[in-house]
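Reviewing the structure listed below.
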Amino acid sequence: QAARGSENTFPHILDCARADCTLFEIRRALEDVFGAYREPVFF
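Numbered by our numbering, the letters in the sequence shown go through residues 16 to 58 in order.
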């Protein structure tokens, strides 16, 4: 919810880490809001 607004997300991420959330869970929550970066591949 914090990521959807203009609020600073870092304190909330720290709360998640203190609550033993995994990095995958935190990343997934942020990815739902901001999307995932896909690096373009050039040959």
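In this text, a Cβ means the ideal position worked out from N, Cα and C, and glycines have one as well.
Small disclaimer: the values here were computed from a predicted structure and weren't measured.
Problem set entry | Proximity of residue 4 and residue 18 at Cβ, strictly below 9 Å | Summary: the structure shown does not reach residue 4, with the chain confined to residues 16 through 58, and so no result is reported for it.
Exercise. In angstroms, rounded to a whole number, what distance separates the CA positions of residue 46 and residue 52?
Worked result: Residue numbering aside, residue 46 sits at position 31 when the sequence shown is read from its first letter. Residue numbering aside, residue 52 sits at position 37 when the sequence shown is read from its first letter. Near 9 Å, if we compare the C-alpha coordinates of residue 52 and residue 46.
Problem set entry | residue 55, DSSP secondary structure in three states | In the sequence shown, residue 55 corresponds to position 40, counting from 1. Coil, per DSSP.
For this session: Taking residue 31 as part of the alpha helix (DSSP H), name the residues at either end of that continuous run.
Result: Locating residue 31 in the sequence shown gives position 16, where the first residue counts as 1. 25 to 33 is the extent of the alpha helix (DSSP H) around residue 31.
Exercise. Can the beta-carbon of residue 40 be found closer than 9 Å to that of residue 31?
Worked result: Counted from its first residue, the sequence shown places residue 40 at position 25. Counted from its first residue, the sequence shown places residue 31 at position 16. When the beta-carbon positions are compared, residue 40 and residue 31 come within less than 9 Å of each other.
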